[in-house]
Amino acid sequence: MNENFTALIENFKHKVILVIGDVGLDKYIHGSVERVSPEAPVPVLHVKSEKIMPGLGGNTAANIASFGALVYLIGVSGNDPAAESLRRELEAIGIKSHLIQDTSRKTIHKTRIVGGKQQIARVDYESAEEIGREIEQKILNEARFLIRGVDAVVISDYGKGVITKDLASSVIALCKENGKKVIIDPKPQHREFYKGAFLITPNDKESFEMLQVKDVSERGLKLSRELETNVLITLGEKGMVLFEQGKEKIELPTLAKEVFDVSGAGDTVVAALALALGSGASLPEACIIANHAAGIVVGKIGTAQVTERELVDEINKKKRKILQRGEIEGIVAQLKQKGKKVGFTSGSFDLVHAGHVDYLEKAKEFCDILIVGVNSDASIKQYKSPDRPIVPEKWRARLIASLQSVDYVFVFDETNNSTNITLLEPDFYIKAGDWEGKMTSAPLVEKYGGRVVNIPITEEIKTTHIINKIKEIMKKEELQGAEMEQDMPREKQRAIFLDRDGVINEDFGYVSEPEKFKLLPGVLEGVKQMQDAGYKIAVVTNQTGIGMGYYTKEDFYKVNLEMFKHFSTAGIKIDKIYFCPHSLSEKCECRKPKAGLLKRAEKELNLDLKKSWMIGDKATDVQAGKTAGCRTILVATGHGLKERSDGGEDFFVADLIEASKIIQ
Numbered sequence: 012m013n014e015n016f017t018a019l020i021e022n023f024k025h026k027v028i029l030v031i032g033d034v035g036l037d038k039y040i041h042g043s044v045e046r047v048s049p050e051a052p053v054p055v056l057h058v059k060s061e062k063i064m065p066g067l068g069g070n071t072a073a074n075i076a077s078f079g080a081l082v083y084l085i086g087v088s089g090n091d092p093a094a095e096s097l098r099r100e101l102e103a104i105g106i107k108s109h110l111i112q113d114t115s116r117k118t119i120h121k122t123r124i125v126g127g128k129q130q131i132a133r134v135d136y137e138s139a140e141e142i143g144r145e146i147e148q149k150i151l152n153e154a155r156f157l158i159r160g161v162d163a164v165v166i167s168d169y170g171k172g173v174i175t176k177d178l179a180s181s182v183i184a185l186c187k188e189n190g191k192k193v194i195i196d197p198k199p200q201h202r203e204f205y206k207g208a209f210l211i212t213p214n215d216k217e218s219f220e221m222l223q224v225k226d227v228s229e230r231g232l233k234l235s236r237e238l239e240t241n242v243l244i245t246l247g248e249k250g251m252v253l254f255e256q257g258k259e260k261i262e263l264p265t266l267a268k269e270v271f272d273v274s275g276a277g278d279t280v281v282a283a284l285a286l287a288l289g290s291g292a293s294l295p296e297a298c299i300i301a302n303h304a305a306g307i308v309v310g311k312i313g314t315a316q317v318t319e320r321e322l323v324d325e326i327n328k329k330k331r332k333i334l335q336r337g338e339i340e341g342i343v344a345q346l347k348q349k350g351k352k353v354g355f356t357s358g359s360f361d362l363v364h365a366g367h368v369d370y371l372e373k374a375k376e377f378c379d380i381l382i383v384g385v386n387s388d389a390s391i392k393q394y395k396s397p398d399r400p401i402v403p404e405k406w407r408a409r410l411i412a413s414l415q416s417v418d419y420v421f422v423f424d425e426t427n428n429s430t431n432i433t434l435l436e437p438d439f440y441i442k443a444g445d446w447e448g449k450m451t452s453a454p455l456v457e458k459y460g461g462r463v464v465n466i467p468i469t470e471e472i473k474t475t476h477i478i479n480k481i482k483e484i485m486k487k488e489e490l491q492g493a494e495m496e497q498d499m500p501r502e503k504q505r506a507i508f509l510d511r512d513g514v515i516n517e518d519f520g521y522v523s524e525p526e527k528f529k530l531l532p533g534v535l536e537g538v539k540q541m542q543d544a545g546y547k548i549a550v551v552t553n554q555t556g557i558g559m560g561y562y563t564k565e566d567f568y569k570v571n572l573e574m575f576k577h578f579s580t581a582g583i584k585i586d587k588i589y590f591c592p593h594s595l596s597e598k599c600e601c602r603k604p605k606a607g608l609l610k611r612a613e614k615e616l617n618l619d620l621k622k623s624w625m626i627g628d629k630a631t632d633v634q635a636g637k638t639a640g641c642r643t644i645l646v647a648t649g650h651g652l653k654e655r656s657d658g659g660e661d662f663f664v665a666d667l668i669e670a671s672k673i674i675q
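Okay, so the sequence shown: first residue is 12 according to my numbering, each after it adds one.
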């Protein structure tokens, strides 16, 4: 059953829904209140933020769009600045708006003023009188034009004058003619407008006002019978009840774990119903999906939306722990509005052990929600060692996410936590005791009023100790193996030596900034083919700029980090980077055309240089390869065309893709 629901939900993004009804603009002004005005006994709000979003039927459309579906919205606006703001907001979230201008009306817009967590006041601008026949006909003409291309229709009736009896009955008839289901979010005083619709979705209060009948079951059956429609009554924390024509009622209990805000929940229910029905779900199936969506949205603060991923995970009872940092930033904002205390810690978590488990359990004691940032492979190579990590980032993140004490995990590329702290602003910034006094991000935490926590580490259990112990054991085993094997030689490996600037990336002089690192076309494809053919990959580069003081080794490492990101994404491992940092005036054995770097690689990587290749864009690269005993390839990229010698290289090719074909 869950597989069927998942397939339906994943089909939402391919659906087209038409929403017709009252539309408006919602504005939220958030701030803090610290004093009362001397002019009158009213609070003075110190404004911190303002937010504008579509309201009324616009929020229903926004809920549908949040699932990735295409939405057409037909409504009425005035000829005023609020109308322009509404059009911009709708366009920004991908809603195709067909707002019919009525110069006699004001565009509905509501401003809510919120101090802390308390709404202080609401200011409304609206026109609620019924639209005229001319506007009504324009709406109907738009609906006729769009109806054939949509999967379902929603009527959002907030009693603001757009949904008249004639318009409602005409749209219902139009849907029947075209085989489209119409779902109506009703207004009690317009009960008679909805006769013959496929489904109406009143809440408990609205359904009572329609009939003045106390018993929910009696109320739902009577509405269904009198209006010749299916009825879904939403009951807040009690769930919802479906009255399908000719069938027994179905009661759906609430699925919300916590209820923080029910505003906009009805719009979420209608959105999920329209998409599910438009995707071919039966009415009970659509109600089950809508019930799950409602359970998610009431756990959020304010008028919020539900995403496809959230709904699929809720249906399958899965909580996604590993998220993008941007996703977690949004979750943290919601958690803080709910009064939850958020803790944040980070680390490489290479070779997760009991010490890590103990540390994270202690960290969770300080907060309601513990978020863990895991250093990416590239960042660990930069701040620890080119030979680390031992375990790739996706598996390290998965291991940490499996711990009960951890609520959310994300992977980040920076070598410090300044960006993480700035974006998340956790209540508690938690680090192990051996970082005390070295936390460069601590002042950021203290600045916004957070607290820095140091947790003593279990000294006898540390990753470094484990690695050293493994090395000790391996050394013993190697000695034992050496005694047994005696003079048995180790099989030597083949390698591809790549110059960097001009071969891997564009060479415009001195490449010393990550932002200026531009990968050349075909590099990833070519190097991947070389690696798949069984070659080790090493970068061998002259970096004269370091010796001449144009940039530092740290700058060089940062550029390499950017290069690692590209290769790592393509599944390519760079086994080693060898570089000469000396200036032209310094005498050294490592600067190409000398073969010092290649000879060093021969020993460290156990290479057979006669079976290896040197690929470069300069004659000095070719000469270094020849001196080391490698076969050589000169590429046309970089300086290759200018530096091509008279047959000095073994092969001359256009790029690394062509080089890979020769090597294989």
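For every residue, glycine included, the Cβ atom is placed at its ideal position computed from N, Cα and C. Just so it is clear, the structure is predicted and the values come from calculations on it, not from any experiment.
Relative to the alpha-carbon of GLY607, which residue among THR552, GLU573 and LYS576 has its alpha-carbon at the smallest distance? THR552
Taking just the CA atoms, how far does GLU217 sit from VAL164? 21 Å
Locate the alpha helix (DSSP H) running through SER452, then write down its first and last residues. Premise fails: SER452 is in no alpha helix (DSSP H) and is neither H nor E.
Grouping DSSP H, G and I as helix and E and B as strand, with all else coil, what is ASP37? strand
Hey, which unbroken runs of the beta strand (DSSP E) at 3 residues or more fall wholly within the stretch 139 to 190? 163 to 167
May I ask you to report which of helix, strand or coil DSSP gives SER96? helix
Backbone secondary structure at PRO54 - three-state DSSP: strand
Span separating the alpha-carbon of SER77 from that of THR279: 10 Å
Are ASP369 and VAL402 touching if we call contact CB-CB under 8 Å? no
Just to confirm the assignment, what range does the beta strand (DSSP E) spanning MET625 have? 624 to 627
Just the C-alpha distance for PRO54 and LYS38, rounded to the nearest angstrom, thanks. 19 Å
Counting Cβ pairs closer than 8 Å, one from the stretch 414 to 421 and one from the stretch 587 to 604, do we hit at least three? With the cut-off at 8 Å, the stretch 414 to 421 and the stretch 587 to 604 do not touch.
Do you know offhand how far ILE673's Cα is from LYS622's? 13 Å
Buried or exposed by the 16-neighbour rule on C-beta atoms within 10 Å, applied to CYS599: Sixteen is the threshold: since fewer than 16 other Cβ atoms of the shown chains lie within 10 Å of the Cβ of CYS599, the residue is exposed.
Proximity winner among GLU50, THR318 and LEU435, relative to GLY341 (alpha-carbon distances): LEU435
Close-in-space but distant-in-sequence residues of the same chain around PRO140 (CB under 6 Å, 5 per side omitted): Checking the sequence, you will find Glu at residue 140 rather than Pro. These residues qualify, in order along the chain: GLY172.
Helix, strand or coil, according to DSSP, for CYS591 in the structure here? strand
Counting pairs of Cβ atoms below 8 Å between the stretch 521 to 533 and the stretch 617 to 637, do you hit three or more? When Cβ pairs closer than 8 Å are counted between the two stretches, the stretch 521 to 533 is seen not to touch the stretch 617 to 637, the count staying below three.
Expressed to the nearest angstrom, what Euclidean distance is found between the alpha-carbon atoms of VAL664 and GLU536? 15 Å
Which of the three DSSP states, helix, strand or coil, is assigned to ASP518? coil
Quick one, which of LEU616, GLN345, GLN316 and GLY126 has its alpha-carbon nearest ALA276's? GLN316
Mark PRO92 as exposed unless 16 or more other C-beta atoms lie within 10 angstroms of its C-beta, in which case mark it buried. exposed
Can you name the start and end residues of the beta strand (DSSP E) that PHE578 belongs to? Where PHE578 is concerned, there is no enclosing beta strand (DSSP E), although the alpha helix (DSSP H) around it starts and stops at 564 to 580.
Contact set for SER390: own chain, Cβ-Cβ below 8 Å, skip 5 residues either direction: PHE423, ASP424, GLU425, THR426 and LEU572
Contacting residues, own chain, Cβ-Cβ under 8 Å from LEU56 (five flanking each side not counted): ILE40, GLY42, SER43, VAL44, ILE124, GLY126 and ILE131
List in chain order: all unbroken beta strand (DSSP E) runs of 3+ residues lying wholly within the stretch 606 to 672. Fully enclosed beta strand (DSSP E) runs of 3 or longer: 624 to 627, 642 to 646 and 662 to 664.
Pop quiz: THR175 and GLU147 are said to be a contact at Cβ under 8 Å. What is the actual Cβ separation, rounded to whole angstroms? 6 Å
Grouping DSSP H, G and I as helix and E and B as strand, with all else coil, what is SER390? Collapsing the DSSP output to three states places SER390 in a helix.
Of all the alpha helix (DSSP H) runs that stay within the bounds of the stretch 356 to 431, which reach a length of 4 or more residues? 365 to 375, 388 to 394 and 404 to 412
Integer Cβ distance of ILE507 from ILE626, believed to fall under 8 Å: Beta-carbon to beta-carbon, ILE507 and ILE626 are separated by about 7 Å, close enough to satisfy the 8 Å threshold.
Taking only three categories from DSSP, how would you classify ILE339? helix
Outcome for ASP226 when other beta-carbon atoms lying within 10 angstroms are tallied against a minimum of 16: exposed
What's the C-alpha gap between GLU669 and GLY649? 15 Å
CB contact flag (ARG155, LEU110, <8 Å): no
Proximity winner among VAL538, GLY358, GLN540 and ARG511, relative to LYS529 (alpha-carbon distances): Residue ARG511 is the option with its Cα nearest to LYS529.
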